[in-house]
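Here is the structure we will look at, set down as structure tokens.
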Amino acid sequence: MILTFLCAFAGVPDTYRESYQAEADGEIRRALTTLDTLPSDEKASYMHNLRRAWLLYLLGEHDASARAYDEASGVSPRALEPRLGKLLPLLAAHRWIEAERVASAILETSPDTTVARARRAWAYFNLGRYADAEKDYRYVLTRYPSDLEMQAGIAWCRLKRGDRDGARKEIDAVLRVAPDHPAANAALAAL
Numbered sequence: 001m002i003l004t005f006l007c008a009f010a011g012v013p014d015t016y017r018e019s020y021q022a023e024a025d026g027e028i029r030r031a032l033t034t035l036d037t038l039p040s041d042e043k044a045s046y047m048h049n050l051r052r053a054w055l056l057y058l059l060g061e062h063d064a065s066a067r068a069y070d071e072a073s074g075v076s077p078r079a080l081e082p083r084l085g086k087l088l089p090l091l092a093a094h095r096w097i098e099a100e101r102v103a104s105a106i107l108e109t110s111p112d113t114t115v116a117r118a119r120r121a122w123a124y125f126n127l128g129r130y131a132d133a134e135k136d137y138r139y140v141l142t143r144y145p146s147d148l149e150m151q152a153g154i155a156w157c158r159l160k161r162g163d164r165d166g167a168r169k170e171i172d173a174v175l176r177v178a179p180d181h182p183a184a185n186a187a188l189a190a191l
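Just so it is clear: in the sequence shown, position 144 is 144 by this note's numbering, and no numbers are missing.
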């Protein structure tokens, strides 16, 4: 029995290595196929489910990715990583309400999680809740003052709320240090 376990374990590191290498080579489908050759006991692990969720997200299989992130959460219920990860396929699939709920649940237990706050801001923005989005963007920006995506998000929120002067101020701040910033330039064009 021990020999069987050792033989099964011996291939696990190589399988993960091969999967990571396939991803690095841009062969995401092969990375997933390789990962799926792991023994069944390893497939029940947190790392397998988390990695599988990520690869499914990269492949654009958003529903399957969200389910795999849930499976990783089931293995490690207190982990933030899979809950933050789940936001990626939800946002990519334009499941704004669900993304807002997941991000808000994360922030209930970990209020300083800026990744959850930034992703919730994007969900709020797409739900037309511009004041809420701006509040979250600003929260992140006060902690990461050089985050131009957050500042551009504030500009767009202000623009959507009809505050052209406020939007222009935020746009100018972004374009002063990143003159080719796509979101800021798009906001400028929309003024």
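For each residue, glycine too, the CB sits at the ideal point set by N, CA and C.
Neighbourhood of residue i by C-beta distance below 6 Å, restricted to the same chain and skipping five residues each side
i    : result
L188 : I171
G11  : none
Cα-Cα separation, residue i to residue j
i    : j    : result
L58  : W156 : 27 Å
D163 : L87  : 29 Å
R52  : A66  : 10 Å
L204 : T37  : Nothing about residue 204 can be read from this structure; the chain reaches only from 1 to 191.
S19  : D165 : 50 Å
A193 : Y139 : Any question about residue 193 goes unanswered here, given that the chain covers just 1 to 191.
Cβ neighbours of residue i in the same chain (closer than 8 Å, five flanking residues each side left out)
i    : result
A190 : L159
D136 : R117, A118, R120, A121 and Y124
L127 : W96, I97 and E100
Where the alpha helix (DSSP H) through residue i begins and ends
i    : result
S205 : A question about residue 205 goes unanswered here, because the residues of the chain that appear run from 1 up to 191.
H48  : Y46 to L58
D165 : R164 to V177
Proximity of residue i and residue j at Cβ, strictly below 8 Å
i    : j    : result
T236 : L148 : Residue 236 lies beyond the residue range present for the chain, which begins at 1 and ends at 191; the question has no answer from this structure.
S76  : R83  : no
A152 : V177 : no
L55  : E27  : no
Residue i (DSSP reduced to helix, strand or coil)
i    : result
T113 : coil
A118 : helix
L107 : helix
P77  : coil
A24  : helix
Residues of its chain near residue i, where Cβ-Cβ distance is below 7 Å and the 5 sequence neighbours each way are ignored
i    : result
I106 : L80, R83, L84, T113 and A116
L90  : A66, E98, A99 and V102
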